[in-house]
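What follows is a set of notes on a single structure, which appears directly below.
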Amino acid sequence: MKGMRQGKGKKDRYTLLTIAILDRLRRYLKTTPAKEFVFEGQFGGKYSSSSIQQFTRKYAAIAGIKKRLHPHMLRHSFATHLLEGGTDLRLIKQLLGHKSTKTTEIYTHVSRRHLGQITSPGDLLDS
């Protein structure tokens with residue numbers, strides 16, 4: 423798990439990398455040594471927010487996503503998929519850098535499909 427130092431609110435942010443993505447990242451860094459950032463803008467330095475928005479929309483279109491996509495939606499989707507996959511809400515809270523679990527609960531909507539899979543504790547009792 424790697425983190426971004428001092429994101430919004432001067433909080434560290436973390437994400438999960440698969441071995442396959444980590445391997446690709448290592449190969450990229452061998453051919454393109456980073457100066458200050460792993461991925462830098464056209465003139466060096468970090469990408470602007472408008473560049474990130476353009477990338478997001480471009481690759482959403484390539485993926486066949488018709489809905490207008492914003493970069494923050496990727497963060498929201500990441501959290502939702504973790505939650506639907508059974509990851510504890512407290513761990514998601516930590517990954518997202520939230521102070522309160524209440525923020526995470528609001529931030530991560532739970533799909534109706536996922537809600538339908540919950541078993542009531544009463545159903546587990548012997549009759």
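Residues 423 to 549 (the working numbering) are what the sequence shown spells out, left to right.
Every residue, glycine too, gets a C-beta built ideally from N, C-alpha and C.
Sequence-distant partners of Ser-473 (beyond 5 residues in either direction) whose C-beta falls short of 8 Å from its own C-beta, in its chain, are Gly-463. For Arg-435, no alpha helix (DSSP H) segment is defined; the enclosing uninterrupted segment is the beta strand (DSSP E) at 435-437.
For the 9 Å CB-CB criterion, Leu-438 and Leu-447 do not form a contact.
For Ser-499, the enclosing alpha helix (DSSP H) covers residues 493-506. The shortest CA-to-CA distance from Ala-501 to any of Pro-455, Pro-493, Thr-526, Gly-486 is the one to Thr-526. Nearest Cα to Ile-528 within the set Gly-544, Leu-511, Ile-443, Lys-452: Leu-511. With at least 16 other beta carbons inside 10 angstroms of its own, Ile-514 counts as buried. Nearest Cα to Tyr-436 within the set Gly-519, Phe-465, His-492: Gly-519.
Straight-line measurement puts the Cα of Leu-547 at about 48 Å from the Cα of Thr-478. In its chain, beyond the 5 residues on either side, no residue has a beta carbon closer than 7 Å to the beta carbon of His-503.
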